Structure formats: structure tokens, C-alpha cells
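Down below is the structure, laid out as C-alpha cells.
Numbering (the working numbering), first residue to last: 40 to 281.
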């Protein structure tokens, strides 16, 4: 199985740490976020990874060279000229996934002990276009799902803004998106958005006519490492995941 690590963000919420380094190299318990995710993916048998880079891209290249690419195959997708966000970054890397097999996407600033094998098994069993890991948690923005765990919409819990994917159901459940997901490569033929865009825009549009499934992992811990206040809280859990 191949994977993509989304690591090109500016890391503005992690300033001042990101004034001099990329978000991906901010450390928790002395271990860079990028290393944590790579070691996690390697632990689950993933040996081919593509990483998108933008902010201080050369530092990430130097870090990977020093670590000898963690003895796996690592490819860089360079977005130095333009930051493409999650959707645009994924589309730029599409040729990496030419083997026709499902692949994993993982944000670099996420720390969790979810079982990637179980996520993949769930995806292979139900074979949707995409399977998004989700958790019942407090969040500023929620995915809205139905009883079959299908994506039906999105809501900004601070402003009340809501986007529905053609669903007329009234009892949709809010869940937090864990920023880890499995995609079937055919999704590239269905994405019509271009340039710089969020992959969530594509998911919400595609959910009208295609199955975008969610996979709950409420039993696992999950931290957004993109926030400075979470770095300390997440520190005791680093050794548990690598």
C-alpha cells in the first residue's frame, strides 16, 4: 500500500516555531511530526510514501537525507512555487498512484493510535470511493453523516454555516474528521476542481452521487498537532504510536 503525507502547510498556528522551520519538523518529545508519521506508516507495512512540501522545503529534504529516507521509498512532491492545499496537492501527486490500488492519505500534524490495517480492511470490505476516519469529539467544524456512516454534509459549528450533499435526512450526526483517509484511485477521474482547493470540497460534491464512507475510531486518542496548545498534551502519547 502506498501513502501520501500532507506536509506542505505554512503552520501559522504553530508560530513562532514555524518562523524558522516547516511545520513537519516541529518536534514533540524531541521527535519531528514528520518522523512520527513516517515511522507509524512503516510500522503498518507501508513502504512507498510521497510527501508534499512548500514551507522550508529544503529543510525537509535535508532531514530525510540525514535519516536515509527511513529505509523506505520516499518521493517529494514540490509545491514551492504554489501551495495547493489538500486537494490540489493530491492531484499534483496523482501519477504516484498509477498502480490502481487504494492508498492512504495522512496529515503530518495528526497524532493518533488508530489502526491503519483496520481502516484499510473496512475500506476494502465496503469499497466506497473514499473512507474517512472520524471521531466523536468537540470540533469547530463537523462532518455530517447518516446512520449508514455516509458523508452527507459539513457544518461550521462556530458560524452555523452548513453544506449538504443533496441529503434530505434530518437526523444527521456530527463527527470530527481525523484527517486520515483511504481513497480508491478512480477518484482522480471524478475530481473536477483545479488549482488550489480543499479535498473536502471534492468529497462534499462527490457525496451527492458516490459513496464517501466514514470509519469511526472513537476508542482511539487523537490530537491536532497544528495547535501549540496541543503539543504539550500530546507529548506523553508519542512513544505509544511509534
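Where is the CB? At the ideal position from N, CA and C, for every residue including glycine. The model shown is predicted, which means the values in this text are computed figures rather than measured ones.
Rounded to the nearest whole angstrom, the C-alpha separation of residue 262 and residue 156 is 20 Å.
Collapsing the DSSP output to three states places residue 94 in coil.
Under the Cβ criterion (8 Å, minimum of three pairs), the stretch 124 to 136 counts as touching the stretch 235 to 242. A direct Cα-to-Cα measurement between residue 217 and residue 174 gives close to 7 Å. In its chain, beyond the 5 residues on either side, 223 have a beta carbon closer than 8 Å to the beta carbon of residue 166. Taking one beta carbon from each stretch, the stretch 193 to 209 and the stretch 91 to 108 have fewer than 3 pairs nearer than 8 Å; the two do not touch.
Linking residue 47 to residue 240 through their CA atoms gives a straight-line distance of about 18 Å. For residue 169, the secondary structure class from DSSP, reduced to helix, strand or coil, is strand. A Cβ-Cβ distance of about 6 Å is found for the pair residue 172 and residue 153, placing them in contact under the 8 Å criterion.
Under the DSSP definition of a beta bridge, residue 44 partners with 90, 145. For residue 209, the secondary structure class from DSSP, reduced to helix, strand or coil, is coil. Assignment of residue 119 by DSSP, reduced to helix, strand and coil, places it in the coil class.
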